[in-house]
Every structure is written in C-alpha cells, then in structure tokens.
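K.L.:
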Amino acid sequence: MLLTGHTDGVNAVALTPDGHTALTGSSDNTAIVWDLTDPDNPRKRATLTGHTGWVYSVTLTPDGHTALTGSQDRTAILWDLTNPARPVRRATLTGHTDSIRTVALTPDGRPTPH
1 MLLTGHTDGV NAVALTPDGH TALTGSSDNT AIVWDLTDPD NPRKRATLTG
51 HTGWVYSVTL TPDGHTALTG SQDRTAILWD LTNPARPVRR ATLTGHTDSI
101 RTVALTPDGR PTPH
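First residue of the sequence shown: 1, per UniProt numbering; consecutive thereafter.
1) Roughly how many angstroms lie between the CA atoms of residue 82 and residue 65, to the nearest whole one?
2) Rounded to whole angstroms, how far is the Cβ of residue 42 from the Cβ of residue 48, which I believe are closer than 8 Å?
3) Quick one, are the C-beta atoms of residue 25 and residue 89 less than 7 Å apart?
4) Determine, using beta carbons only, whether residue 12 and residue 57 come nearer to each other than 7 Å.
5) Which word fits residue 17, buried or exposed, when buried means at least 16 other C-beta atoms lie within 10 angstroms of its C-beta?
6) Assuming residue 14 contacts residue 59 under a Cβ cut-off of 8 Å, what Cβ separation, rounded to an integer in Å, is found between them?
7) What residue range does the beta strand (DSSP E) around residue 12 cover?
8) Check this for me: beta carbons of residue 105 and residue 61, under 7 Å apart or not?
9) From the DSSP output, which residues share a beta bridge with residue 25?
10) Per DSSP, what kind of secondary structure is residue 99 in: helix, strand or coil?
11) Quick one: what's got a C-beta closer than 6 Å to residue 5's C-beta in the same chain, skipping five residues either side?
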C-alpha cells in the first residue's frame with residue numbers, strides 16, 4: 001500500500017487497532033487522515049493544518065475519533081475527527097520550550113503527560 005499526499009517527508013505514522021484509519025505527520029507541516037478500509041484503494045479523508053513547523057508525532061484514539069499532533073513549532077493540537085471530512089481543532093496546547101517529538105492519548109481521547 002502506498003499513501004501519497006504529503007509534499008515533504010513523513011515523520012510519524014499512527015494506526016487504529018482495526019487498521020482502518022491511519023494518521024501521518026510530515027515535514028510539510030501537516031497531518032493527513034487516511035481511510036484504509038480498502039487496502040487496495042486507500043483514500044485521503046482530511047488534511048490537518050494548523051502547525052507552523054514539521055509535524056514530528058501523531059497518535060489516534062482506538063476508535064479514530066480523536067487525534068493529537070505534536071510539532072517543531074512547540075505546540076500540540078488536539079483534533080476531533082468524528083466527522084473525518086470536517087476535522088475540528090479542539091485545543092492547541094502551548095507552553096513547551098522545544099519541539100514536541102512524542103504525543104499520547106488515553107483511550108477516551110485525553111492527552112497524557114510525557
């Protein structure tokens with residue numbers, strides 16, 4: 001399976017446990033949500049924009065309804081993907097003094113301390 005859509009290198013990949021949804025983070029400052037239900041025909045569901053630096057880290061809740069992205073811009077963004085065609089930025093987490101290279105969520109979608 002080949003996923004094409006980013007304009008620069010991919011730094012991070014996350015999958016839901018059922019393998020039907022993927023999230024990729026890139027040096028093009030975006031993350032992309034992918035529908036992998038049909039492995040022979042993967043589809044881009046949405047492009048998540050909002051970071052001003054490379055996206056280094058991504059994670060998804062098991063149901064694929066919530067995502068968290070971490071960036072070179074020292075922010076993490078919490079995304080609501082309930083409607084994958086229209087992702088909603090729920091929160092921008094600020095205050096870090098360096099790039100965010102690792103992110104994690106609890107199964108119910110809350111950010112965890114790292």
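C-beta: ideal position from N, C-alpha, C; glycine also. Small disclaimer: the values here were computed from a predicted structure and weren't measured.
P.N.:
Concretely, from the data shown:
1) Those two C-alpha atoms are separated by around 5 Å.
2) Rounded to the nearest angstrom, the Cβ distance from residue 42 to residue 48 is 17 Å, too far for a contact under 8 Å.
3) No, the Cβ-Cβ distance between residue 25 and residue 89 is not below 7 Å.
4) Yes, these two residues count as a Cβ contact at 7 Å.
5) A residue is called buried when at least 16 other Cβ atoms come within 10 angstroms of its Cβ; residue 17 does not meet this threshold and is exposed.
6) Contact holds; Cβ gap of about 5 Å.
7) Unbroken beta strand (DSSP E) run through residue 12: 10-15.
8) In contact: residue 105 and residue 61 (Cβ atoms closer than 7 Å).
9) Listed as beta-bridge partners of residue 25 by DSSP are 12, 31.
10) DSSP places residue 99 in the coil class of the three-state scheme, outside both helix and strand.
11) Same-chain partners within the cutoff: 32, 44.
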